[in-house]
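In our numbering, the protein residues as written are 1 to 196.
Here's the structure we're looking at; comments come further down.
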């Protein structure tokens with residue numbers, strides 16, 4: 001279904017002389033990613049509404065879009081795998097929220113957790129899947145990931161007294177982003193070890 005939609009979009013773009021035939025592969029990939037991302041986001045919003053936590057689903061989507069895309073890290077091999085992981089991690093983030101609520105994490109702890117997150121992201125991000133990024137791109141991704149993480153930590157701190165669950169979701173999704181970053185790093189180290 002997705003392939004059919006993409007093919008029709010590409011045909012239209014070529015017919016309208018918006019793109020050249022030799023550029024179709026790049027546009028196919030970009031449109032495919034865009035459609036899958038939109039589908040995943042809509043699905044998470046619907047899931048958030050069903051679970052009576054739509055704001056938490058919005059926070060989840062925005063953090064993954066702003067931080068996770070810059071930190072790099074684990075990526076599923078298929079779009080189905082991506083969909084399953086995306087949903088699974090949303091549910092895990094909700095469980096983290098409950099755990100943080102039970103522990104009654106306060107403003108000082110959120111601040112300290114946030115500092116650790118920012119330092120980890122600044123030190124290790126991004127973890128690209130391939131060596132396709134040059135030094136400038138790596139530095140720019142690191143800068144964006146660090147700034148976006150700092151923004152979300154400030155968001156969590158501001159919301160701590162107003163809506164604790166929103167604050168906890170922010171901390172949870174940042175944790176998941178860092179976890180995925182380190183999973184990819186471990187995978188790369190394991191692959192290097194196996195090559196030796």
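The beta carbon of each residue, even a glycine, is placed where N, CA and C say it ideally should be.
As the structure is a prediction and not an experimental result, all values here were calculated from the model.
{"Asked": "Backbone CA spacing between residue 98 and residue 19 [nearest angstrom]", "Found": "49 Å"}
{"Asked": "Cβ-Cβ distance between residue 44 and residue 170 below 8 Å", "Found": "no"}
{"Asked": "Minimum C-alpha distance to residue 91 - residue among 61, 126 and 26", "Found": "61"}
{"Asked": "Assigned exposure category for residue 72 - 16 Cβ within 10 Å defines buried", "Found": "buried"}
{"Asked": "C-alpha distance - residue 115 paired with residue 106, whole-angstrom precision", "Found": "14 Å"}
{"Asked": "Same chain, Cβ closer than 6 Å to residue 6, neighbours up to 5 away in sequence not counted", "Found": "28, 31 and 32"}
{"Asked": "Spatial distance of residue 195 from residue 47 (CA atoms)", "Found": "42 Å"}
{"Asked": "Three-state secondary structure (DSSP) of residue 59", "Found": "helix"}
{"Asked": "Own chain partners of residue 54 with C-beta closer than 8 Å, once the 5 adjacent residues on each side are dropped", "Found": "45 and 48"}
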